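A.B. asks:
Numbering (our numbering), first residue to last: 54 to 945.
#1: What's the C-alpha gap between residue 824 and residue 836?
#2: If I'm right that residue 811 touches residue 822 with Cβ under 8 Å, what's the distance once you round it to whole angstroms?
#3: DSSP on residue 276, reduced to helix/strand/coil?
#4: Would you kindly work out how many angstroms separate the C-alpha atoms of residue 617 and residue 556, rounded to a whole number?
#5: Would the stretch 125-133 count as touching the stretch 67-81 if we require 3 or more Cβ pairs under 8 Å?
#6: Can you list, in chain order, the residues of its chain whose CB lies under 7 Å from that of residue 471, leaving out five sequence neighbours each side?
#7: Grouping DSSP H, G and I as helix and E and B as strand, with all else coil, what is residue 763?
#8: What did DSSP end up calling residue 589 once you bin it into helix, strand or coil?
#9: Bridge partners for residue 448 per DSSP, in chain order?
#10: Helix, strand or coil for residue 363 per DSSP?
#11: Can you tell me which residues form a DSSP beta bridge with residue 139?
#12: How do the stretch 847-855 and the stretch 885-893 stand: do at least 3 beta-carbon pairs fall below 8 Å, yes or no?
#13: Could you tell me which whole alpha helix (DSSP H) segments of length 4 or greater appear in the stretch 292-376?
#14: Could you name each continuous beta strand (DSSP E) segment of 3 residues or more that falls completely within the stretch 823-911, going from the start of the chain to the end?
#15: Which same chain residues, not among the five before or five after residue 577, have their C-beta less than 8 Å away from its C-beta?
#16: Residue 535: buried (16+ other C-beta within 10 angstroms of its C-beta) or exposed?
#17: Residues in the same chain with beta-carbon distance under 6 Å from residue 63, minus the five sequence neighbours each way, listed in chain order, please.
#18: Do you know offhand how far residue 117's Cα is from residue 99's?
#19: If you reduce the DSSP assignment to three classes, tell me which class residue 69 lands in.
#20: Give a yes or no on contact between the stretch 322-338 and the stretch 861-870, applying the rule of three or more CB pairs nearer than 8 Å.
#21: Express the C-alpha separation of residue 565 and residue 698 in angstroms, rounding to a whole number.
#22: Hey, out of 402, 303 and 279, whose CA is closest to residue 293's CA?
#23: How far does the alpha helix (DSSP H) with residue 721 in it reach, from first residue to last?
#24: Strictly by DSSP, which residues pair up with residue 583?
#25: From the DSSP output, in three-state form, read off residue 121 for me.
#26: In the DSSP output, which residue or residues are listed as bridge partners for residue 775?
#27: Run the CB neighbour count on residue 65, radius 10 Å, all protein chains shown included, and call it buried at 16 or more, exposed below.
#28: Check the C-beta distance from residue 285 over to residue 260 and give it rounded, since I have them as a contact under 8 Å.
#29: If residue 344 and residue 446 are in contact, beta carbons under 8 Å, what's the gap, nearest whole angstrom?
#30: For residue 289 and residue 295, I'd like the C-alpha separation in whole angstroms.
#31: Taking only the alpha-carbon atoms, compute the straight-line gap between residue 782 and residue 67 and give it to the nearest angstrom.
#32: Going along the chain, which residues of its own chain have a beta-carbon closer than 6 Å to the beta-carbon of residue 466, five neighbours each way excluded?
#33: Looking at C-beta atoms only, is the number of pairs between the stretch 650-658 and the stretch 795-803 that lie closer than 8 Å three or more?
#34: Measuring only the C-alpha atoms, how far is residue 442 from residue 55?
#35: Measure the CB-CB distance between residue 192 and residue 161 and report whether it falls below 8 Å.
#36: Three-state secondary structure (DSSP) at residue 285?
Rendered as structure tokens:
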């Protein structure tokens, strides 16, 4: 298997994101240019690399070493796994040394490389490593000798050493002592390996003299450095000179790979009105208000989506260790929210010793799964490697605007808990409380060198963006182009002469297509093939003559009656030949349906800890400057009963009938009010919270009500609205010089697939296509090939052409519809990681239900039965067949 094919397979199997895939492509290209062997000429290697990657000015090591500057949250560890997989499977290397800068990162790397059952396992999806896993040697297990495998360079196992830098940068450490079993120290054994590849996580930590010396003494054949901050540590930091690829945090924010950062303050806040002590208290209180808001929003999202619940926490940045201890005492005091956060604060700084320090570090490591720690106070211990997905609120006390906007502050909390943005603002946002620096932070964020700004792009020949402007074009249905012309204006696309070149003939064709679309789709219950019946063709011809006669009295003289009949015959045959019958179905109950909610008591009320407030908090996104408010003022209409503040929002839901369910609604609202009384002292405070957060509490209640919704069993029947749908032009965007490939050719890199137009299909009603992924393209090439003789036609529906409702008001549009000689298929292509996604499963259930109803109708109309399949991208391989894919992945 070629190295290029191995690289493509790894990108697909590991579901690499675009910057990860581009990094892997660069590594493969560079190894192809300079090889992978010790003792080469570093100057010649540098010149060869600079010819294509001029950003690499110097290796900065005694061996070829390249830095991939990848933003926090994009996936540096997964990229290391991809590097190792390609180098090993391509036969380039067997021995790898992964270096960690501290214990926290070391422990994470060992877990991610070792635990095959973990969702974070870096080689998940690589079949060869599932059969023969790499041998993992760590700083704690190397003395067992498992890393020593003789002189066979390309054996069956990859050997991955994972060490903390402290283990190797001490001249007299055990790893450097003589081992009788190998006749030298393990360090010297590694340094003598001819194919050792060194991977440096958080590479900026190895620029100091000790770390640099230890790395050079390993004498690897190649160094691969990964960091989000490509500059040396210290007051006089300098930028790396060996960066071969850079994907900054601004790019990750814009591409939706991390949370959107926002800054929050109080409305009309005046710093001069408060001393330092008062300011800190206000910022802490408002940060907790926001934290409680996010906590409820995350709980609500988890209940509604069925996904795992995320437990958010607050990061408080203290000025020094004394300040940190003072803050902890204040937050855990009885006066701060009546002691609600006692025992829920972790203090982390360099002055902690012994058991107290160990406890703090353990809390940090387990923050993603720990629902006990809600507030973390730190001074200087939270550095690289400590980035979690459940940090949602940062309170930087006594910090400058520049400090707030550093990656050391923002980068710790930008990782997305679900691996993707959800579209729910509170779930997708990291918020910084910055009352005293709000205006300054906004101003600083707008500056060109700000972290939240996207890097500059160049336009023109050889630049980042081509000089040609983008435009929108329509891809017409191919048989319509054959009949009357008017093909796409794609560069390089040749249009053959149309069957009908006379203007009057074309009017008849256009009128025929219009009537089929407006009238016959609904009138013909037996499908598109009914257009071939003589009586239907006669009726269509009569419709056309009536429509065209008033506008052109000479029609009979120019387009004779026999000519209209002839054109109608050609048009209807073309439509029938190229259209797949996709019925439009509505499902209605056959008798009246009664509904109600079973009685139950609310659970999880302890997650609601809203605090009374009278001030609005303003929140502004740093990147797009969008502004919103957290909560309204207490001013508002008063209710005679506290429960009314909640019930008035519950009755807004369509499923709730106040007349028949009022007692039940007030019982649930009363439980919520009773909970408020458990931690709020005065009735005024309770009313304040009920008024300001009544809607959110109602959402919390209704999320649980849905689990107890019942309705009388009803017989539902499917009603056919139309038996087929006329094909519509596809609308796509392209540059004036479109990038075009044959459908059997892959884009390079694969992540660029979306930017290409693909041609050369024979069984689709469109001559050109765009695909969301290379897996979609390969599936299209499969079903379009001569090998799949049973495939009559296929279509990749455009927006609005085929929709299945999977949630109220939300439509699902399948990837492919395929018609075979005896059946029709709906096929969805998904990445392996999406197969268990809640939304994917909801869409699958809706599609299976649609198929069931469509097959009921097909019994009545004698049309072909339907099936539905969800195919993982790992299954769409070169040797795959449609029958094999359906046998394994058909759901119904």
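The beta-carbon is built from N, C-alpha and C at its ideal position, and this holds for glycine as well. The structure presented is a predicted model; accordingly, all values stated were derived computationally and were not measured.
C.D. replies: With the given structure in hand:
#1: Roughly 15 Å between the two C-alpha positions.
#2: Correct: roughly 5 Å between the Cβ atoms.
#3: Residue state, collapsed to three classes: strand.
#4: Going from the Cα of residue 617 to the Cα of residue 556 covers about 13 Å.
#5: Yes, since at least three Cβ pairs between the stretch 125-133 and the stretch 67-81 fall closer than 8 Å, the two stretches touch.
#6: Once the five neighbours on either side are set aside, the close Cβ partners of residue 471 are 360.
#7: Collapsing the DSSP output to three states places residue 763 in a strand.
#8: Reduced to three states, the DSSP call for residue 589 is helix.
#9: Looking at the DSSP assignment, residue 448 forms a beta bridge with 369.
#10: Secondary structure at residue 363: coil, using DSSP grouped into helix, strand and coil.
#11: Paired residues: none, contrary to the question.
#12: With contact defined as three or more Cβ pairs closer than 8 Å, the stretch 847-855 and the stretch 885-893 are not in contact.
#13: Every alpha helix (DSSP H) stretch that sits fully inside the stretch 292-376 and reaches 4 residues is listed by chain position as 302-307 and 329-358.
#14: If you keep only unbroken beta strand (DSSP E) runs of at least 3 residues inside the stretch 823-911, you get 844-848, 857-860, 863-865, 869-873 and 877-883.
#15: Within the same chain, 583, 584, 589, 776 and 777 come within 8 Å of residue 577 by CB-CB distance, once the 5 residues on both sides are set aside.
#16: So residue 535 counts as buried.
#17: 135, 138 and 139.
#18: Between residue 117 and residue 99, the C-alpha separation is close to 8 Å.
#19: In the structure shown, residue 69 falls within a coil segment according to DSSP collapsed to helix, strand and coil.
#20: Contact between the stretch 322-338 and the stretch 861-870 is not established, with fewer than three Cβ pairs separated by less than 8 Å.
#21: For the pair residue 698 and residue 565, the Cα-to-Cα distance works out to about 59 Å.
#22: Of the residues 402, 303 and 279, the one whose Cα lies closest to the Cα of residue 293 is 279.
#23: In this chain, the alpha helix (DSSP H) harbouring residue 721 covers 711-732.
#24: Residue 583 pairs with nothing; no bridge assigned.
#25: Three-state DSSP puts residue 121 in a strand.
#26: Per DSSP, the beta-bridge partners of residue 775 are 637.
#27: Around the Cβ of residue 65, a 10 Å sphere holds 16 or more other Cβ atoms; the residue is buried.
#28: Between residue 285 and residue 260 the beta-carbon gap is near 4 Å, inside 8 Å, which marks them as a contact.
#29: About 5 Å separates the CB atoms of residue 344 and residue 446; that is less than 8 Å, so the two are in contact.
#30: Approximately 18 Å between the Cα atoms of the pair.
#31: For residue 782 and residue 67, the distance between alpha carbons rounds to 35 Å.
#32: Correct list, in chain order: 444 and 483.
#33: Using a Cβ-Cβ distance cut-off of 8 Å, the stretch 650-658 and the stretch 795-803 are not in contact, since fewer than three pairs of beta carbons, one from each stretch, lie closer than that value.
#34: Taking the CA atoms as reference points, residue 442 sits about 38 Å from residue 55.
#35: The answer is no: Cβ separation not under 8 Å.
#36: Residue 285: coil per DSSP, three-state reduction.
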